[in-house]
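Visitor:
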Amino acid sequence: MKFVLSIDQGTTGTRAMIFNHSGEEVSKSYIKHKQIFPKPGWVEHNPEEIWGNSLTVIKEAISSADLDSNQICSIGVTNQRESIVAWNKETKKPLHNAIVWQCRRTAEICDTLKYDGFFDIFNNKTGLVLDPYFSGTKIKWLLANSNKVQDQLKQNNLAVGTIDSWLIWNLTGKHVTDYSNASRTLLFNIHSGEWDNELLEIMKVPQSILPEVRPSSDKNFYGLTKNKILGSEIPVAGCAGDQQAALFGQTCFDEGDVKNTYGTGNFMLMNSGNQAIKSETGLLTTIAWKIDNKLTYALEGSVFITGAAIQWLEKGIEILENKEELTKIMQETPDTQGVFFVPAFVGLGAPYWDSYARGTMVGLTRGTTRDHIIRATIESICFQSEDVFQAMSKDSGTPITVLRVDGGVTNCLPLLQFQADISNVIVQKSRVNETTALGAAYFAGLAVNYWEDLEDIRQNFLIEQTFESTMTSEKRDDLKDLWKRAIERAKAWVEK
């Protein structure tokens, strides 16, 4: 019997999962990696640690399923998007820590580009905004600030790419990425489907250091795993950024389908078919995937800090013992007693795009308790998603009635009920929680005909639980008005 293996390289750790033809989990392994904070607002990861962990979880997943590597017919890769790695092509060693998507070190570069009048050029060609979130300014910063990177550029030994390209390089020796990841760099024209010479010139990034862009499901494969890695040559044939992979894993194949992933951050995507809808509300236009010769686009709202705010409660200010407490606290604490928390630790993402916003808590009184603060944190996740939800409805011109959800935070079921309440939408929780890994597996399996087509995959989708609103429209409007006031307090808090 054959299976598909997926590598899900995330912000906090790396997971390998093996799936069968029914899209069911056969085995998995997970390892966390270290978070590095060199300066306030800066976030880095160790690329060698990430690759080492990836190799370990792959082997552990195969071993725990009691399989031989030759039973894996294809490997898919999905990754934390926008984070970048630079490495020496000869030594295969990284030249700098990975600069993570959350890192805000390039805020001034973005400000300068905006001041110089480049916002519309980037927005029109890439569907993105000039924000430190995206890869392009991170690459520009590395080229300007790392002597090691500059030296290898002069010697034509420099390779740069998002995390997927780093993993695929180590697996196969090929320097490639897929369309979804390329579309997150600020350097890729999502309309022509290629690296854009004008944008590369503005950023001063040579195209020669960037990966080849390939379909998300590639029948020609990105490459074969080296024998010494897993003991057999396995096609690496599927790849997508984590949120696009989750959209695919949720079988959101039709125009208008929407999913929201609740992870370190929250990411809501709507399949917009062959239309690259230009947002008027602060959302992003991005490539969902490319299969065969067909590009599929998506509208996206990216919220930077959601699950990471829960991690802060647990590890930062240490008022939460463990995540398992959340459901009980939400059930026993019916409201926040007027407390609102805006977790803008690294600024605000969609639809506000304020790099200088910072975390803000308002409405505190002498009667405020630990549980009120914890509930306010959970509600902030839903309020931020509601902001994106409304923007997406407006941009698409279509009322959204169903929201498919996934990600680790969805284990807190009262959160999903509050999301249904505040957004007045039907929330569907997928039976498979790790839809990001499943999506990467689907891309990889399609490439080798493990699954015949999208309809073959669609049959695997199962809903575990559905949530519908029980909140009055008056209460909903009151809460949303107070949230907007809290957002205004958080905006533009720090100086440039």
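The numbering of the sequence shown is the numbering used here, which starts it at 392 and goes up by one. For each residue, glycine too, the CB sits at the ideal point set by N, CA and C. These numbers were taken from a predicted model, which means no experiment stands behind them.
#1: The alpha helix (DSSP H) that contains Y833, what's its start and end?
#2: Measuring only the C-alpha atoms, how far is F658 from V796?
#3: On the three-pair Cβ rule with 8 Å, is the stretch 476 to 485 touching the stretch 408 to 415?
#4: Report the option in G584, A741, L621, E592 whose CA atom is closest to the CA atom of S607.
#5: Can you give the Cα-Cα distance for D726 and A767, rounded to whole angstroms?
#6: May I have a chain-ordered list of the alpha helix (DSSP H) segments no shorter than 4 residues that lie completely inside the stretch 694 to 740?
#7: With 16 as the cutoff for other CB atoms within 10 Å, does M721 come out buried or exposed?
#8: By how many angstroms is the C-alpha of P742 removed from the C-alpha of V779?
#9: Tell me, please, whether the stretch 627 to 639 touches the stretch 598 to 618 by the rule of three or more beta-carbon pairs shorter than 8 Å.
#10: Under 8 Å, with one C-beta from each stretch per pair, do the stretch 726 to 739 and the stretch 694 to 708 reach the 3-pair mark?
#11: Are the stretch 565 to 579 and the stretch 588 to 606 touching, with three or more C-beta to C-beta distances below 8 Å?
#12: Taking the alpha carbon of I772 as the point to measure from, which residue in T756, S787, G798 has its own alpha carbon closest?
#13: Mind checking Q819: buried by the 16 CB within 10 Å criterion, or exposed?
#14: Express the C-alpha separation of Q546 and N662 in angstroms, rounding to a whole number.
#15: By the 10 Å Cβ neighbour count, where 16 or more other Cβ atoms means buried, how is V885 classified, buried or exposed?
#16: L577 and K528 - do their beta-carbons sit closer together than 9 Å?
#17: Taking the DSSP output, what are the residues bridged to P742?
#18: Return the CA-CA distance between D457 and I791, expressed in angstroms with no decimal places.
#19: When you compare only the Cα positions, how much space is there between S397 and T827?
#20: List, from N- to C-terminal side, the alpha helix (DSSP H) runs of 4 residues or more that fit wholly inside the stretch 427 to 459.
#21: Kindly provide the ranges of any beta strand (DSSP E) runs that are 3 or more residues long and lie completely inside the stretch 465 to 492, ordered along the chain.
Guide: Put simply:
#1: 826 to 838
#2: 10 Å
#3: no
#4: Of all alpha-carbon atoms in G584, A741, L621, E592, the one lying nearest the alpha-carbon of S607 is that of G584.
#5: 8 Å
#6: 698 to 702, 716 to 723
#7: buried
#8: 6 Å
#9: yes
#10: yes
#11: Yes, the stretch 565 to 579 is in contact with the stretch 588 to 606.
#12: Of the candidates T756, S787, G798, the one whose C-alpha sits nearest the C-alpha of I772 is G798.
#13: buried
#14: 42 Å
#15: exposed
#16: Position check: residue 528 holds Thr in this sequence, whereas Lys was assumed. Less than 9 Å separates the beta-carbon of T528 from that of L577.
#17: Its beta-bridge partners do not exist; DSSP assigns none.
#18: Distance from the CA atom of D457 to the CA atom of I791, rounded to whole angstroms, is 44 Å.
#19: In a straight line, the C-alpha of S397 is about 9 Å away from that of T827.
#20: 438 to 455
#21: 475 to 479
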